[in-house]
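Comments concern the structure below.
Okay, here's the thing in structure tokens:
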């Protein structure tokens with residue numbers, strides 16, 4: 001049960017004990033179903049569904065979603081069936097697990113088909129239950145975090161798919177922290193040299209980041225106050241993939257891309 005503890009620490013903050021008990025049961029079923037299976041890294045396979053559930057628990061999703069996350073590969077990768085899941089955990093959880101399994105089976109012949117068909121079929125699944133998409137995004141996020149143990153060609157394929165399909169999908173759903181992480185991990189895996197160069201150049205250009213952002217924030221707030229516009233200003237550093245995309249779009253070198261910070265104003 002030691003693996004369950006990482007999830008337990010997250011869910012203790014917002015789920016009642018009866019739901020935690022159900023999650024513990026789902027973990028045990030998943031652990032036993034994946035017994036003897038390992039990931040490419042050599043780790044026990046159960047570490048993956050637990051990590052996926054933790055990503056969703058950080059978003060404080062409901063216990064059925066977390067149960068389905070723990071079980072999301074059981075139908076596809078073990079002898080367990082939809083009927084088994086329904087009998088043990090109810091129809092809702094079984095349908096979520098089956099929905100994720102169906103998404104995993106989507107195959108595409110070319111890039112154009114992947115962009116059009118995958119989005120269409122994913123959105124159709126989302127209409128039935130958006131939680132299927134959330135589990136799939138968490139699944140892809142953990143897979144991207146642990147991409148290093150795969151062959152280079154497989155890493156590139158998964159990274160490209162992530163940038164073309166999954167990060168835009170996260171953006172459409174407004175899950176910006178997942179979108180950003182998928183973009184950064186995908187960029188690093190697909191173009192490691194470009195990622196490294198831009199990271200080094202950006203680091204040198206940013207200097208004292210906190211001081212720079214605070215200075216610009218103060219300037220913007222001062223100008224708004226002078227104009228009599230009440231506004232709450234926030235600032236952040238632009239992410240490397242965003243900077244890279246702008247360089248490609250404008251066909252410019254880094255020194256021509258000056259906006260490495262972004263600011264927004266919210267009216268109170």
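Residue numbers (UniProt numbering): 1 to 268.
Ideal Cβ positions, reconstructed from N, Cα and C, are used throughout, including at glycine.
- Taking a cut-off of 8 Å for Cβ pairs, the stretch 24-32 and the stretch 129-145 do not touch, as fewer than three such pairs fall below it.
- Pairing residue 189 with residue 195, the inter-Cα distance amounts to about 9 Å.
- The alpha helix (DSSP H) runs lying completely inside the stretch 31-101 and spanning 4 residues or more are 47-58, 63-70, 74-77 and 82-89, given in chain order.
- With fewer than 16 other Cβ atoms inside 10 Å of its own Cβ, residue 59 counts as exposed.
- Residue environment for residue 1: exposed (fewer than 16 other C-beta atoms within 10 angstroms of its C-beta).
- Secondary structure of residue 151 (DSSP, three-state): coil.
- For the pair residue 159 and residue 137, the CB atoms are not nearer than the 7 Å cut-off.
- Spatial neighbours of residue 186 in its own chain (CB-CB distance under 6 Å, excluding positions within 5 residues in sequence) are listed in chain order as 159, 162 and 163.
- Taking a cut-off of 8 Å on C-beta distances, the stretch 79-92 does not touch the stretch 34-48, as fewer than three cross pairs fall below it.
- For the pair residue 57 and residue 71, the CB atoms are not nearer than the 7 Å cut-off.
- Between residue 19 and residue 63, the gap from beta carbon to beta carbon is short of 7 Å.
- Scanning its chain for C-beta atoms nearer than 6 Å, with the 5 sequence neighbours on each side dropped, one finds around residue 224 the residues 231, in chain order.
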